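Numbering (the UniProt record's numbering), first residue to last: 1 to 281.
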């Protein structure tokens with residue numbers, strides 16, 4: 001695999017993580033041959049992945065970390081993961097927002113990244129259950145009041161509800177607010193996505209709120225980096241058949257891309273070539 005010797009560290013680590021998850025474990029000497037890099041480079045990569053909490057180092061190699069389906073990391077913990085992938089996804093997804101449209105953004109660190117790019121789209125009406133996402137727009141509006149106003153600043157509606165560890169507002173109050181609304185497009189962050197479980201989250205109340213979001217949207221665009229593929233949370237809230245487009249990053253394996261392209265109308269691989277699933281505009 002000599003073509004991979006000059007891969008950026010993050011791309012190389014994505015390949016290692018995919019290999020660990022697919023095979024259930026790998027050895028250092030296997031990775032050095034596969035990636036055509038030094039033993040020390042592989043060990044540094046494994047150290048970095050272990051610090052992210054996605055693998056566990058064992059003697060001579062690594063195995064995947066199997067989290068409880070009810071485990072829900074906090075916003076700050078998730079913010080530190082896959083930063084460049086989230087930026088690539090956010091830029092690609094922002095191009096799908098039409099000026100003057102009504103959109104919804106669920107909670108999550110990827111939708112938080114997306115919110116920053118949506119500031120450039122004029123005259124949006126944005127409904128969100130994410131405190132962090134709402135803060136992005138409100139901060140821009142405060143800057144505008146100080147003389148730096150962007151044309152066509154968004155109208156932002158923040159639902160009420162009970163705050164989760166990821167700073168989303170969920171529960172009956174949020175559900176009731178969303179039930180009466182209609183969105184042109186929903187940008188949806190997820191904890192996990194798989195063929196069998198569809199879209200899932202470890203939080204039961206968040207699952208119900210996300211279900212309401214999906215029901216209220218004409219188009220559903222899932223924004224999820226490659227590490228979310230194959231992850232399953234406690235509660236499923238939507239089938240893959242309910243998703244119009246998945247925007248992910250170039251770290252997604254070729255096998256997964258082929259599988260997704262057969263199941264979804266649209267697949268956008270940000271930061272890399274789009275798959276056969278097509279790209280929504």
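Idealized CB from N, CA, C, for every residue including glycine.
Keep in mind it's a predicted model, so treat the numbers as computed, not measured.
Cβ atoms of residue 251 and residue 21: under 8 Å apart, would you say?
Here residue 21 corresponds to residue number 21 of the chain shown, with the count starting at 1. Here residue 251 corresponds to residue number 251 of the chain shown, with the count starting at 1. For residue 21 and residue 251, no; Cβs fall outside 8 Å.
In terms of residues, what are the limits of the beta strand (DSSP E) holding residue 242?
Indexing the chain shown from 1 puts residue 242 at position 242. Per DSSP, residue 242 belongs to no beta strand (DSSP E) and is neither H nor E.
Own chain residues within Cβ distance below 6 Å of residue 186, not counting five before or after:
In the chain shown, residue 186 corresponds to position 186, counting from 1. If we look at residue 186 and ignore the five residues flanking it on each side, its Cβ neighbours are 104, 213, 217, 220.
Would you mind giving the Cβ-Cβ distance between residue 107 and residue 167, rounded to the nearest angstrom? I have them listed as a contact below 8 Å.
What you label residue 107 is simply residue 107 of the chain shown in a count that begins at 1. What you label residue 167 is simply residue 167 of the chain shown in a count that begins at 1. Yes, residue 107 and residue 167 are in contact; Cβ-Cβ is about 6 Å, under 8 Å.
Buried or exposed: where does residue 71 fall if 16 or more other Cβ atoms within 10 Å of its Cβ makes it buried?
Along the chain shown, read from residue 1 onward, the residue named residue 71 stands at position 71. With a pLDDT of only 46 at residue 71, under the threshold of 50, the placement of this residue in the model should not be trusted, and no figure is reported.
Sequence-distant residues of its chain with Cβ nearer than 7 Å to residue 18 (five each side left out)
Counting from 1 along the chain shown, the entry for residue 18 is found at position 18. Counting only Cβ-Cβ distances below 7 Å, and skipping sequence neighbours, we find 253.
Simplified DSSP assignment, three categories, for residue 64:
Translated into positions along the chain shown, residue 64 becomes position 64. Correct three-state label for residue 64: strand.
Report the rounded CA-to-CA distance for residue 238 versus residue 258, giving the unit in angstroms.
By 1-based counting over the chain shown, the position of residue 238 is 238. By 1-based counting over the chain shown, the position of residue 258 is 258. If I take the Cα positions, the gap works out to 21 Å.
Of the listed residues 227, 179, 96, nearest to residue 190 (C-alpha basis)
Here residue 190 is taken as the residue at index 190 of the chain shown, counted from 1. Nearest option by C-alpha distance: 227.
Which term fits residue 210, buried or exposed, when burial requires 16 or more other beta carbons within 10 angstroms of its beta carbon?
Along the chain shown, read from residue 1 onward, the residue named residue 210 stands at position 210. Label assigned to residue 210: buried.
CB of residue 243 within 8 Å of CB of residue 264, strictly
As a position in the chain shown, residue 243 is number 243, starting the count at 1. As a position in the chain shown, residue 264 is number 264, starting the count at 1. Cβ distance < 8 Å, so residue 243 and residue 264 count as in contact.
With DSSP collapsed to three states, give me the class of residue 125.
As a first step, residue 125 must be located in the chain shown, where it is residue number 125. Strand.
Would you call residue 204 buried or exposed, if buried means 16 or more other Cβ atoms sit within 10 Å of its Cβ?
What you label residue 204 is simply residue 204 of the chain shown in a count that begins at 1. By the 10 Å Cβ count, residue 204 comes out exposed.
For residue 8, does the three-state DSSP call read helix, strand or coil?
Here residue 8 refers to the residue found at position 8 when the chain shown is read from its first residue. DSSP places residue 8 in coil when its eight states are reduced to three.
Would you kindly work out how many angstroms separate the C-alpha atoms of residue 9 and residue 45, rounded to a whole number?
Your numbering for residue 9 matches position 9 in the chain shown. Your numbering for residue 45 matches position 45 in the chain shown. The alpha-carbon atoms of residue 9 and residue 45 are separated by roughly 8 Å.
For a test of the three-state rule: what should DSSP assign to residue 186, helix, strand or coil?
Position 186 of the chain shown, counted from the first residue, corresponds to residue 186. The answer is strand: DSSP assigns residue 186 an E or B state.
When you compare the CB positions of residue 192 and residue 180, do they come within less than 8 Å of one another, or not?
Translated into positions along the chain shown, residue 192 becomes position 192. Translated into positions along the chain shown, residue 180 becomes position 180. Against a cut-off of 8 Å, the Cβ pair of residue 180 and residue 192 comes out as no contact.
For residue 62 and residue 282, the rounded distance between their alpha carbons:
Past the boundaries of the shown model lies residue 282; the chain is included only from 1 to 281, so the question cannot be answered.
Three Cβ pairs or more, each shorter than 8 Å: is that satisfied between the segment 121-141 and the segment 152-169?
yes
So, is residue 120 buried or exposed, given that buried needs 16 or more other C-beta atoms within 10 angstroms?
The count along the chain shown starts at 1 and reaches residue 120 at position 120. Label assigned to residue 120: exposed.
First and last residue of the uninterrupted beta strand (DSSP E) at residue 57
The residue given as residue 57 occupies position 57 in the chain shown. Looking at the DSSP string, the run of the beta strand (DSSP E) that includes residue 57 is 55-58.
Given residue 54, which residues of its chain have a CB within under 7 Å of its CB, disregarding the five upstream and five downstream residues?
Sequence index remark: in the chain shown, residue 54 carries index 54 (1-based). Hits under 7 Å: 17, 65, 227.
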